[in-house]
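The letter at position 115 of the sequence shown is residue 194 when you use our numbering, and the numbering goes up by one with no holes. We put the CB at the ideal spot given by N, CA and C, even for glycine. Inspection log for the structure reproduced underneath, given as structure tokens.
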Amino acid sequence: MTFRDDSKEKLGLVLEGGGMRGIYTAGVLDEFLLNDIYVDGLVGVSAGILHGVTYVSEQLGRNIRYTLKYRKNPRFMSLKSLVKTKNICETDFCYHEIPEKLYPFDYEKFRENAAKIPVYAGCSNVENGKAEYIRIYDLATDDIDAVRASASLPLVSEIVEYRGLKLQDGGNADSIPLGFMLSQGFKKNIVVLTRPEGYVKKKSSSTKLMKLVYRGYDEYIETAENRSDVYNKSLRLVEEEEAAGNAFVIRPSRDLKVGRTEKDTDKIKKMYKLGRYDAQNLMEELKKFLAREDEAEE
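Right, dumping it as structure tokens:
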């Protein structure tokens, strides 16, 4: 893989989360690998970073394969795991056994490529309610905990402690961190969303439960209460950047009604295939977008 780490105008990749809807992103990124689409840096939130790191490690098809194999394993995602371990996704199984033994993650290739381009995991700081964008270099170290924190859904996951920070799911503070990438100098960005066009996030119904579970973390609770407003504001920024020719957006062309904790094999396969299909259909437009950027650099 040849990343564009020496390009003059940096190209970023922004990956939204969404639980099992994120398998759409896995399909999109597999098409990127097949078509040699590389970037200068990426940020992923929750499921977005889970699939993003496999793109950086260049392992075509890995995520859909292990998802289909373990989707109904109670250690992968279940209420049983939540009761037993306080995490809906068992930590040891999902972040150690699968990548280290069952479906090996290429730690060396990731480390090699992450040294060339910045890879960020978007998290929410439980103590102050703000977004944290943690650069990860080596998933064989405690960097894996930053990825785990990014995907640790509130109410069904423990708070993750990482280098003095108390963290949880990045979607709470910043679900679509395009603004962050712009602030880091990435003037052009590819944005992969997991909701179809026209989606508007509504206020959450879990606010009362958040106040009970996270008592004492007032700023985190406030962040959760404002999540829909922040999300919809981020969508408007995506639309503005797209209209200005600075962002290329890939989103589901159909609403397949896939839930965050979806276990239906057929739905998961269809969502992944839709990611492949949409990326294929947009590939020529994407290449033109990248070509215009390259011309601007000359």
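Open item on the list: For D248 and N360, I'd like the C-alpha separation in whole angstroms.
Closed with: 31 angstroms
Open item on the list: Would L139 and L113 qualify as a contact pair, given that the criterion is a beta-carbon distance under 8 angstroms?
Closed with: Cβ atoms of L139 and L113: closer than 8 angstroms.
Task: CB of T273 within 8 angstroms of CB of G106, strictly - done: no
- [ ] Quick one: residues in its chain with C-beta nearer than 6 angstroms to the C-beta of Y310, no 5 flanking neighbours on either side, listed in chain order?
- [x] S254 and K280
Open item on the list: Considering only their Cβ atoms, is the gap separating R100 from M362 smaller than 8 angstroms?
Closed with: No, the pair does not count as a contact, with Cβ atoms beyond the cut-off.
Task: Closest residue to M260 among T170, E211 and E206 (Cα-Cα distance) - done: E211
Task: Residue range of the unbroken alpha helix (DSSP H) whose run includes G127 - done: In this chain, the alpha helix (DSSP H) harbouring G127 covers A126 to V135.
TODO: Out of D345, T340, R339 and L353, state which residue places its alpha-carbon closest to the alpha-carbon of I329.
DONE: L353
Open item on the list: For K165, count the other beta carbons within 10 Å of its own beta carbon; 16 or more makes it buried, fewer makes it exposed. Which is it?
Closed with: exposed
Task: Three-state secondary structure assigned by DSSP to S231 - done: coil
TODO: Give every residue of the same chain whose Cβ lies closer than 6 angstroms to the Cβ of L92, excluding the five residues on either side of it in the sequence, and list them in chain order.
DONE: Excluding positions up to five away in sequence, the list reads V118, L121 and I269.
- [ ] For P197, count neighbouring C-beta atoms within 10 Å of its own C-beta (all shown protein chains included) and say buried if the count is 16 or more, exposed if not.
- [x] buried
- [ ] Would you kindly check if the distance between the Cβ of A193 and the Cβ of I177 is under 8 angstroms?
- [x] no
Open item on the list: Counting C-beta neighbours from all protein chains within 10 Å, is the total for R227 16 or more, i.e. buried, or is it exposed?
Closed with: buried
Task: Three-state class that DSSP yields for Q263 in the structure shown - done: coil
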